[in-house]
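In this note's numbering, the protein residues as written are 949 to 1222. We put the beta carbon where it would ideally sit given N, CA and C, even for glycine. Beneath this line is the structure, given in structure tokens, with notes to follow.
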């Protein structure tokens, strides 16, 4: 559905960064998104992404897209490659299941942010899916305590915005969902933050609050055993216990995860089961 006009929320195309040691405007409890690649850590504060949703950036020469949907609580990084060509992305002004729909500047395709799938345009006919990069959702305090040498997206964005303000009032705490969604699950608060994991078509969700209580969980998902750990930095690490390969996992609001993965099951701590 059309929520606003194309580029009504301006993407950042020439992001500037400052050293984390010089930053005094982020509170310890503030949510940040961290792109960690080789020896480089880039931090994108949620308080900036609330107002821009997309950052066209690069890391170690690789073109990357940092995307955040405030309505779904979902931050995901992708490679900015469409049909084997580097391009930039913008906010289309459309939503699907209350999730950000992006568009690329190469062909004008529409892309579902939560899944990375092309949903309209030539890329959709090619069944293209954007390549994801691990993006960590954590707090400033947890990350900086463990990774003091990082780069932070600067407040000097080229736009005048109240980055200390939140544009959606009490949205995150309320049960209200502004736009239509499928498969609405009312078993818990719709904005409950969860970590979503998919492997071989098996979708599983873990409440962030449970991972704080129990920072290491090993269980069977589908036909493999996985280990999900919450590091002191707040990073969620999911590992295939058979191959020891990492599995991408991202944070979402519960309603958004279930909208796209209705067959997902939810992990429950033993003392919380009926």
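Asked, Found
"Express the C-alpha separation of residue 1143 and residue 1047 in angstroms, rounding to a whole number.", "16 Å"
"Counting only the same chain and skipping the five closest in sequence on each side, list residues whose C-beta sits under 8 Å from that of residue 1132.", "1125, 1138, 1203, 1206, 1207"
"Using alpha carbons as the reference points, say which of 1010, 1084, 1056, 1049 lies closest to residue 992.", "1084"
"Let's see if you can read the secondary structure: which residues bound the alpha helix (DSSP H) around residue 1239?", "This structure cannot settle anything about residue 1239, because the visible part of the chain is limited to 949 through 1222."
"Using the Cα positions of residue 969 and residue 1159, report the straight-line distance between them to the nearest angstrom.", "29 Å"
"For the beta strand (DSSP E) containing residue 1005, name the first residue and the last one.", "1002-1007"
"Verify whether the separation of the beta carbon atoms of residue 1195 and residue 1145 is less than 9 Å.", "yes"
"What would DSSP say about residue 999, mapped onto helix, strand or coil?", "helix"
"Do residue 1175 and residue 1187 have their C-beta atoms closer together than 9 Å?", "yes"
"Could you tell me whether the Cβ atoms of residue 1001 and residue 1016 are closer together than 9 Å?", "yes"
"Report yes if the C-beta distance between residue 1086 and residue 1201 is below 9 Å; otherwise report no.", "no"
"Residue 1089 lies in the alpha helix (DSSP H); which residues open and close that run?", "1088-1094"
"Considering residue 1185, what are the terminal residues of the alpha helix (DSSP H) in which it resides?", "Run containing residue 1185: none in the alpha helix (DSSP H); it sits in the beta strand (DSSP E), 1184-1188."
"What are the partner residues of residue 1017, as DSSP defines its beta bridges?", "1022"
"Tell me the residue span of the beta strand (DSSP E) that contains residue 1176.", "1172-1178"
"Please look up how many angstroms separate the CB atoms of residue 1030 and residue 1014, rounded, as I've assumed it's under 8 Å.", "Actually they are not in contact, since the Cβ atoms of residue 1030 and residue 1014 sit about 16 Å apart, beyond 8 Å."
"Along the chain, where does the alpha helix (DSSP H) containing residue 1101 start, and where does it finish?", "Element bounds for residue 1101: not the alpha helix (DSSP H) but the beta strand (DSSP E), 1099-1101."
"Determine the extent of the alpha helix (DSSP H) in which residue 1228 is found, giving its start and end residues.", "Outside the modelled stretch of the chain, which goes from 949 to 1222, sits residue 1228, for which no answer is possible."
"Sort out for me which residues DSSP pairs residue 993 with in a bridge.", "980"
"Hey, out of 1055, 1061, 1053, 1011, whose CA is closest to residue 1018's CA?", "1061"
"For the pair the segment 951-961 and the segment 1030-1039, tell me if three or more CB-CB distances fall below 8 Å.", "yes"
"If we count the other Cβ atoms within 10 Å of its Cβ and call it buried at 16 or more, is residue 1227 buried or exposed?", "With the chain represented from 949 up to 1222, any question about residue 1227 goes unanswered, as that position is not in the structure."
"Can you tell me where the beta strand (DSSP E) holding residue 1066 begins and where it ends?", "1066-1068"
"What distance in whole Å lies between the Cβ atoms of residue 965 and residue 990, which are believed to be in contact at a cut-off of 8 Å?", "7 Å"
"Am I right that residue 1112 and residue 987 are in contact with their C-beta atoms under 8 Å? What's the rounded C-beta distance?", "Residue 1112 to residue 987, Cβ: 31 Å. No contact."
"Find the nearest neighbour of residue 1155 within the set 1068, 1044, 1198, judged by alpha-carbon distance.", "1198"
"Can you tell which of 1090, 1070, 1088, 1064 has the C-alpha that lies nearest to the C-alpha of residue 1078?", "1064"
"Report yes if the C-beta distance between residue 1055 and residue 1069 is below 9 Å; otherwise report no.", "yes"
"In its own chain, which residues sit with a C-beta less than 8 Å from the C-beta of residue 1102, not counting the 5 before and 5 after it?", "963, 964, 965, 966"
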